[in-house]
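Encoded as structure tokens, the structure appears first; notes follow it.
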Amino acid sequence: MLDWLSDNRALVAAVIILCLVGSFFASIFYGLKQTRLREKDQVFGDPERTVGGWFWAVCGVSTLLLVWFYFSWGSARAFFPQAANELCQVAKLHEAVSPVTSSLAIESRYSKSKTLLVRNSRQLDELQARLPANVFSPADAARVTQVMQNTQQLISMMATPDFVDQKTIADIQAIKAGYAAITNELANPKPGWTASADALAQPSWGITEPEIPLLPISAKGAMYNALASDAAALSKDYLKIRNLAPAAKALIAETKTMITALKKSPSMDDGDAQIVKERADYMKAVDRIFKRIDDGKIFPAVVMAEMQVAVQTMLDQAERAKGSLGFVEMLFFPAGDIVKSRTQCTEQGPGRWLPKPTDVVAKFFALANPDVENGGGYKGTTLLWWKWLPISDVVSFLIPDATIDLLPGDYGRLNDAGRFEPNYKDWMLALAQGDVYLGAVPMLDGHIWDSLFRVLVAMFFGILLGVPLGIYMGVSRFCKSFFDPMIELYRPVPPLAWAPLILTIFGIQDDGKIFLLFMVAFAIMVISARTGASGAQLSKIRASHSLGASDRQILRYVILPNALPEIMTGIRISIGVCWGTLVAAEMLAGTTGVGFIENVARTVSDYELIWVTILIMGSLGLVFDLMMRWVIGRLIPWRGKG
Amino acid sequence: MADLKCTDLCMTFANQQTGAKVEALKDINFTLKKGELLSVLGPSGCGKTTLLNMVAGFITPTSGQIAVGDRVIDGPGADRGMVFQQGALFEWLTVAKNVDFGLRMQGVSEAESRDQVEKWLATVGLQGFADTPTYQLSGGMQQRVALARCLVNDPDVILMDEPLGALDALTREKMQSLVLELWKKTGKTIIIITHSVEEALLLGERLFVMAPRPGRIHKEYQLPFAEWGLKRSLRDIKLEPEFSTVREEILTMIWNMEEEIMGGA
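First to last, the protein sequences are chains W and A. Using my numbering, the first residue of the first sequence is number 162, and each one after it goes up by one. Using my numbering, the first residue of the second sequence is number 415, and each one after it goes up by one.
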């Protein structure tokens, strides 16, 4: 069942999306009807106005899920399963032509020729201006200047149409004709493009890694795929073209000789190492610029203009030839592209970092599978399951080995026959070390339980210690003033800042994380209990004095119940903050917990896993909050009515 | 039970910022015999509430002393019950739990206190409300609970700080009758602070009109209206010419005091 759902996730998504659209409109319809019915019920601002309204919750959830489906390209995959494959073929064409476009003014503001010309000319000028005076002999200085002038002249020759070689012109014409042929094929495709058997055998979009099947599975895709390989051949040819006319070649040869001679010039052998070094550095700079120019990659603007038109026409035609695919891309692939790079086609933009809802659910079920041996769970631990916990483990945790040393008598020794005979103390030690099998009890086990356990234990101690302290701070001047600076000093420090210290002190086991969470919960509980205690009405306190209650009784029967609403609010807030801190704590160290999963997912950029953990934490937080709201409603019905 | 006796009572408050001293009360002397009903009237700032708080033991006088019988008051206690303007009920408890609060605090068993609670709830007219949460009660009913809570403790003196100030006119009149009724039935010594001249006249066997700066007893009356109120409707009494005369006299007195304060300021 799960496997079938997993393999047909596009279909499942399509059904879900249709249901969501249905519930979206139905809830709006129902909600508007209710609004019209209740329009005169309450005046604006009356809190009663917000009571009820589950249909708007349905509407909100539907909207959220639809937005998720839409921006994760889940709706594209559900309704246009071929689109990604076809867009991948188009992307192949773009990839094939990219070496050419990157040298022309198509994707950038200026052509590569312009950039090369301007940058190298400027650097030559700068170099010339700082020609060192007393490093070169006068003759050498003249020759160095000559080299730089030659280089400048070379740049000018390449950029001038009159100097361009006929062969270069012919090569460029051939490439232009190639692009024209592709353009023509795009405009009037000949029939007969088909997908290969290999292509049809590929798994569909989203089932395997990499997500988008590479080979074309439709006629249109096959055409783009074939044209992409044509364009790739043209790009290869283009990269081979050099703008080196005979005159330029001669100048290059001449200049090269001069540079070699200058490098070996006898005046280099001066005794002064400083001067030798300066000369070598300067010559290196000159040579570097010359070498950038001598491979002939600067072309006159006029020559390239035609090339640019041909490429641009082809790209425009490729865009037009998409036809309906273009509309699908515009409507269903928002805010991103499908990009071909080297060996695979990938989703870029939200398709990448916002996994599709169905994929996230599939991932969650894979994680929730308790069969750890066969790929379930995560890193050897289940998500939400149980295991047999040997009682001996608990015993060894509870009884430190050292307590056995305190028992009377000595440990056993070797007897005369050369054998070891354990006495009762050895048995006790074995017990304390957990070596004696005592049976096992079922125990909750899994990443979520671990996280939950940490939060709950921290909350327990936070409430146990924080509430009494907070109450005493609310009623005692000494307590308030004595503890206030301590708590207010540590409270604003982000828990993550404490983490390194706490890990050092407590180690990477649970206790360090629990202590970190405890610090958070404790501060919040103290402050809320204190607010509740100091907020007791004076007349109530006085009334209880007049009724003969002792100080202790007033604390227990008046101040504590009076502070209960604030305490419950404090618990609500601190559970939320604890969840937030938990991820930080589990990210630092450890091998279990939701935060640990998220941390591993982050390092491998597994966005599906990241979203699974985000959703787990969100839902658990929500469940906690709903529980707290229910408890508050039951426990303090007088809230806001006193 | 015994008499309440105030001797040379002075209370001086120091202003926190300026350090200037304000004499809230100066040389108050009076003796309240057991079972007397005293109402205290006066313009704002004349020290009415301060006087009551000192009798209750919430604040300690700067000099002088208050004694119930032979015992000098040095703190709040169950022998002086207090009723506040806003009930001051414990909203997390039911009516019955509010009423038996004092008994529970003294360790009286629930079985013993239950009869008491029922008796007093019946007396204040709240039969059948024992298990109602107090936050569901109206203002008048809350005040009845406060009265029952105070009475169940069997105090020597009952102190009421504007107990009916927050109630509507009709409820207020009913509650005034109830207070008189309870006074008659229990024979307790009662001190009532009030802003309303009519209420002070109706609920005062004795009446102190206090004056501010320094707080002192300006004039004392002995009035028959409380006795009348036990037998007749309060509305009839208000129409008596005698009642009107005293009311007008006191109103003029307080009016003049207020004028003086305003003029001096």
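C-beta atoms are modelled at their ideal positions from N, C-alpha and C, and glycine is treated no differently. Since the model is a prediction, treat every value here as computed from it, not as a measurement.
CB contact check: Trp597/A to chain W, cutoff 7 Å: Here residue 597/A is taken as the residue at index 183 of the second sequence, counted from 1. At a cut-off of 7 Å between beta-carbon atoms, Trp597/A makes no contact with chain W.
Cut-off 7 Å between Cβ atoms - residues of its own chain near Lys462/A, not counting five sequence neighbours on either side: Here residue 462/A is taken as the residue at index 48 of the second sequence, counted from 1. Answer for Lys462/A: Val454, Gly456, Ile607 and Met624, listed in chain order.
Ala739/W and Leu677/W closer than 7 Å at C-beta: Reading the first sequence from its first residue, position 578 is the one you call residue 739/W. Reading the first sequence from its first residue, position 516 is the one you call residue 677/W. Looking at the sequence provided, one finds Cys at residue 739/W rather than Ala. Cβ atoms of Cys739/W and Leu677/W: not closer than 7 Å.
Cβ-based neighbour list, Ala342/W, same chain, cut-off 8 Å, excluding 5 preceding and 5 following: Here residue 342/W is taken as the residue at index 181 of the first sequence, counted from 1. Excluding residues within five positions, the ones whose Cβ falls inside 8 Å are Asp391.
CA nearest to the CA of Thr600/A, picked from Leu621/A, Asn567/A and Val611/A: The count along the second sequence starts at 1 and reaches residue 600/A at position 186. If we check each option's Cα against that of Thr600/A, Asn567/A comes out closest.
C-beta atoms of Lys533/A and Ile572/A nearer than 7 Å: Taking the second sequence and counting its residues from 1, one reaches residue 533/A at position 119. Taking the second sequence and counting its residues from 1, one reaches residue 572/A at position 158. No, Cβ-Cβ distance for Lys533/A and Ile572/A is not below 7 Å.
Residue from Asp712/W, Leu265/W and Val618/W whose Cα sits closest to the Cα of Ala471/W: As a first step, residue 471/W must be located in the first sequence, where it is residue number 310. When each option's Cα is compared against that of Ala471/W, the closest is Leu265/W.
Own chain partners of Ala338/W with C-beta closer than 8 Å, once the 5 adjacent residues on each side are dropped: For the purposes of this step, residue 338/W is taken as residue 177 along the first sequence, with counting starting at 1. Counting only Cβ-Cβ distances below 8 Å, and skipping sequence neighbours, we find nothing.
Against chain A: residues of the stretch 693-721 of chain W by CB proximity under 8 Å: Gln698, Ser700, Lys701, Arg703, Ala704, Ser705, His706, Ser707, Leu708, Gly709, Ala710, Ser711, Gln714, Tyr718 and Val719
Chain W within 7 Å of Gly495/A, Cβ atoms only: Within the second sequence, residue 495/A is the residue found at index 81, counting from 1. Yes, Gly495/A counts as interfacial toward chain W.
Where the stretch 200-233 of chain W meets chain A: residues whose CB sits under 7 Å from a CB there: none
Within chain A, partners of Trp799/W - CB distance below 7 Å: Translated into the one-based positions of the first sequence, residue 799/W becomes position 638. Glu505, Trp506, Pro547 and Tyr549, listed in chain order.
Bounding residues of the beta strand (DSSP E) (the contiguous stretch that carries Arg615/W): Working through the first sequence from its first residue, we reach residue 615/W at position 454. Segment His608 to Val636 is the alpha helix (DSSP H) holding Arg615/W; no beta strand (DSSP E) there.
Between the CA atoms of Gly673/W and Leu664/W - distance to the nearest angstrom: Residue numbering aside, residue 664/W sits at position 503 when the first sequence is read from its first letter. Residue numbering aside, residue 673/W sits at position 512 when the first sequence is read from its first letter. Taking the straight line joining both Cα atoms gives about 6 Å.
Span of the alpha helix (DSSP H) around Arg270/W: Translated into positions along the first sequence, residue 270/W becomes position 109. Taken as a continuous stretch (DSSP letters only), Arg270/W belongs to no alpha helix (DSSP H), as it is neither H nor E.
Inter-residue Cα distance where the pair is Ala679/A and Pro628/A: Position 265 of the second sequence, counting from 1, holds the residue named residue 679/A. Position 214 of the second sequence, counting from 1, holds the residue named residue 628/A. In this prediction, Ala679/A scores a pLDDT of 47, lower than 50, which makes its location untrustworthy; no coordinate-derived value is stated.
Interface residues of chain W facing Pro680/A [CB-CB closer than 8 Å]: Because chain A here runs from 415 to 679, residue 680/A falls outside it and cannot be looked at.
Beta bridge counterpart(s) of Val761/W as assigned by DSSP: In the first sequence, residue 761/W corresponds to position 600, counting from 1. Val761/W is not bridged to any residue.
Bridge-paired residues (DSSP) for Gln479/A: The sequence position of residue 479/A within the second sequence is 65, counting from 1. Thr421/A.
Top-ranked residue by Cα proximity to Gly553/A, from Lys588/A, Arg528/A, Leu465/A and Val531/A: The residue labelled residue 553/A in the question sits at position 139 within the second sequence. Taking only the C-alpha atoms, the option nearest Gly553/A is Lys588/A.
Glu619/A, buried or exposed, once every other Cβ within 10 Å from all chains shown has been counted against 16: Within the second sequence, the letter at position 205 stands for residue 619/A. The residue is buried, with at least 16 neighbouring Cβ atoms inside 10 Å.
Coil, strand or helix - Lys351/W by DSSP: What you label residue 351/W is simply residue 190 of the first sequence in a count that begins at 1. Residue state, collapsed to three classes: coil.
C-beta contact flag for Val681/W and Pro656/W at 7 Å: If you number the first sequence from 1, residue 681/W lands on position 520. If you number the first sequence from 1, residue 656/W lands on position 495. Yes; because the gap between Cβ atoms is below 7 Å, this pair is in contact.
Cβ-based contacts, 9 Å cut-off: residues of the stretch 451-478 of chain A near chain W: Asn467, Ala470, Gly471 and Phe472
Beta carbon proximity, Gln520/A to chain B, threshold 7 Å: Among the protein chains in the structure shown, which are W and A, there is no chain B.
Coil, strand or helix - Ser735/W by DSSP: For the purposes of this step, residue 735/W is taken as residue 574 along the first sequence, with counting starting at 1. Here Ser735/W sits in helix by DSSP.
Straight-line gap, Ala792/W to Val616/W (C-alpha atoms, nearest Å): Counted from its first residue, the first sequence places residue 792/W at position 631. Counted from its first residue, the first sequence places residue 616/W at position 455. According to the sequence displayed, residue 792/W carries Val and not Ala. Taking the Cα positions, Val792/W is about 18 Å away from Val616/W.
Secondary structure of Phe444/A, DSSP reduced to three states: Taking the second sequence and counting its residues from 1, one reaches residue 444/A at position 30. Strand, per DSSP.
Within chain W, partners of Ala502/A - CB distance below 8 Å: For the purposes of this step, residue 502/A is taken as the residue at position 88 of the second sequence. Listed along chain W are Gln698, Ser700, Lys701, Arg703 and Ala704, each with a C-beta nearer than 8 Å to that of Ala502/A.
DSSP three-state assignment for Asp207/W, whether helix, strand or coil: Working through the first sequence from its first residue, we reach residue 207/W at position 46. Look at Asp207/W here: in three-state DSSP terms it is coil, with no helix or strand label.
Buried or exposed by the 16-neighbour rule on C-beta atoms within 10 Å, applied to Ala171/W: Here residue 171/W is taken as the residue at index 10 of the first sequence, counted from 1. Answer is buried; the Cβ neighbour count reaches 16.
Cβ neighbour criterion (16 or more within 10 Å) applied to Val447/W: Counted from its first residue, the first sequence places residue 447/W at position 286. The residue is buried, with at least 16 neighbouring Cβ atoms inside 10 Å.
CB contact below 7 Å: Phe498/A versus chain W: Position 84 of the second sequence, counted from the start, is the residue given in the question as residue 498/A. Phe498/A counts as touching chain W.
Beta-carbon proximity of Ala510/A to Pro490/A, cut-off 7 Å: Within the second sequence, the letter at position 96 stands for residue 510/A. Within the second sequence, the letter at position 76 stands for residue 490/A. No, the pair does not count as a contact, with Cβ atoms beyond the cut-off.
Of the listed residues Gly214/W, Pro208/W and Phe186/W, nearest to Leu198/W (C-alpha basis): Reading the first sequence from its first residue, position 37 is the one you call residue 198/W. Among Gly214/W, Pro208/W and Phe186/W, the Cα nearest to that of Leu198/W belongs to Gly214/W.
Residue of Ile560/W, Thr262/W and Leu625/W minimising C-alpha distance to Asp596/W: Taking the first residue of the first sequence as 1, we reach residue 596/W at position 435. The option with the nearest alpha carbon to Asp596/W is Ile560/W.
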